[in-house]
Amino acid sequence: MARIEFTPQLHRFVETPVLDTAATQLGDGLAAAFAINPRLRGYILDDQGHLRPNVVVFIDGRRARDLRGLTDPLGPDSRVHVLQALSGG
2 MARIEFTPQL HRFVETPVLD TAATQLGDGL AAAFAINPRL RGYILDDQGH LRPNVVVFID
62 GRRARDLRGL TDPLGPDSRV HVLQALSGG
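Quick note: the sequence shown uses the working numbering, first residue 2, plus one each step.
This is the structure in structure tokens:
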């Protein structure tokens with residue numbers, strides 16, 4: 002099963018589950034995480050359901066390409082890391 006993990010800095014604001022999922026696309030995997038904690042969705046996706054500009058997703062070490070449709074494929078052994086960019090000065 003694909004494993005989805007969120008970075009610790011995001012955990013400061015909202016509970017972030019480590020999730021093993023049978024999802025075959027990124028969007029379905031993220032939806033499974035949002036089912037566990039619905040508040041998480043607003044930190045990751047905008048109002049149109051697209052990845053927020055300050056969020057980056059890596060699947061098996063490669064940056065996700067479909068930032069709007071979230072159709073990047075997940076394999077049974079995929080590792081997904083969701084990162085929220087830090088900013089400040």
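Cβ coordinates follow ideal geometry from the N, Cα and C atoms, glycine included.
Pick from the options: whose alpha carbon is nearest that of residue i?
i, options, result
"T25", "I5, P9, A86, L11", "I5"
So, with DSSP's three-state summary, where would you put residue i?
i, result
"L11", "helix"
"A3", "strand"
"D21", "strand"
"R42", "helix"
"R27", "Looking at the sequence itself, residue 27 is Leu, so the reference to Arg does not match. L27 falls in the helix class under three-state DSSP."
Do the CB positions of residue i and residue j come within less than 9 Å of each other?
i, j, result
"L11", "Y44", "yes"
"V57", "V83", "yes"
"A34", "T17", "yes"
With a 10 Å radius around its C-beta and 16 neighbouring C-beta atoms as the bar for buried, classify residue i as buried or exposed.
i, result
"F7", "buried"
"V19", "exposed"
"I37", "exposed"
"A3", "buried"
The segment 22 to 40 touching the segment 57 to 75, judged by at least three CB pairs closer than 8 Å: yes
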